[in-house]
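Notes to accompany the following structure.
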Amino acid sequence: MKAWMLIFCCLSQVAMAATRVELSLSTEALAQPEVVANWLQLNANTADRAAAQYQLQQAQLAEQAGDWSAVAQALSESARHFPAPATLVAYAEARLHELANRSAKPDATMEQDALSRIGNLYQSALAANRVLSVLSDQALQTLTSQANCLDAYLAKRPVQTPCRPLQIYQKQ
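Going by this note's numbering, the letters in the sequence shown line up with residues 12 to 183, in that order.
Shown next as C-alpha cells:
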C-alpha cells in the first residue's frame with residue numbers, strides 16, 4: 012500500500028511540474044503586453060512578490076545614487092518576478108533616464124527602437140492593470156496618456172503636452 016501511495020505522490024508531482032508555468036518572465040517578455048497579461052492570469056497568486064519587493068528596494072537605492080542603469084536592471088528583475096503596472100512604468104521611466112543620460116546619443120534607428128521598446132513597457136503596464144485592476148482611475152488615465160503621447164511621438168504625430176516620457180527623455 013505504501014508503495015502505491017509513493018508512486019501516486021511522485022506521479023502527481025510530475026504532473027504538477029509538467030503543467031507548471033514559468034515562475035518569472037524574461038526581460039524581453041516584459042515588453043510584450045499579451046505575454047504579461049497571460050502570465051499574470053496564470054501566476055498572479057503564486058508570483059514571488061518577496062523577490063519583486065527586494066528588487067524594488069535595490070532600485071530605490073540605485074536611484075538615490077543616480078545610477079539609472081542599475082535602477083533599470085533592478086526594476087526589470089522586480090517586474091520579471093511580478094509585473095505590477097507601477098513597476099513596469101517605473102522600469103520604462105528608468106530606461107528613458109538611462110537613454111537620456113548616455114554620453115553617446117543613439118542614431119535615429121537605435122533611438123526609435125529603444126523608444127518603441129519603452130512604449131511597449133507602457134502598453135504592458137496597461138495590460139497588467141487589465142488583469143490586476145490595481146490602478147486608480149486617475150493613475151490609469153495618467154498611464155494611458157503617457158502611453159499615447161509616446162506612441163504619437165514615435166508615429167511622428169502631434170504630441171499632447173505635457174508628455175512625461177518625453178520630458179524624462181528631454182525631448183520636450
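Where a beta carbon is used, it is the ideal one built from N, C-alpha and C, also for glycine. Predicted, not measured: the structure shown is a model, and the values here were computed from it.
Counting along the chain, E45 sits inside the alpha helix (DSSP H) bounded by residues 44–54. Between T153 and L137 a beta carbon distance of about 11 Å is seen, past the 8 Å cut, so the two are scored as non-contacting. Each residue's CA atom was taken as its position, placing A139 and Q66 some 19 Å apart. Taking 8 Å as the cut-off, the Cβ atoms of E104 and S80 do not count as close. Distance from the CA of P173 to the CA of A63, rounded to the nearest whole angstrom, comes to 31 Å. By the Cβ criterion, the segment 69–76 is not in contact with the segment 38–52, since fewer than three pairs of Cβ atoms, one from each stretch, lie closer than 8 Å.
Taking a 10 Å sphere around the C-beta of Q84, we find 16 or more other C-beta atoms and assign the residue as buried. Shown here for Y180: same chain residues with a beta carbon closer than 7 Å to its own, the five before and five after excluded, namely L107, L110, A111 in chain order. A58 and L34 have their C-alpha atoms spaced approximately 7 Å apart. Look at V145 here: in three-state DSSP terms it is coil, with no helix or strand label.
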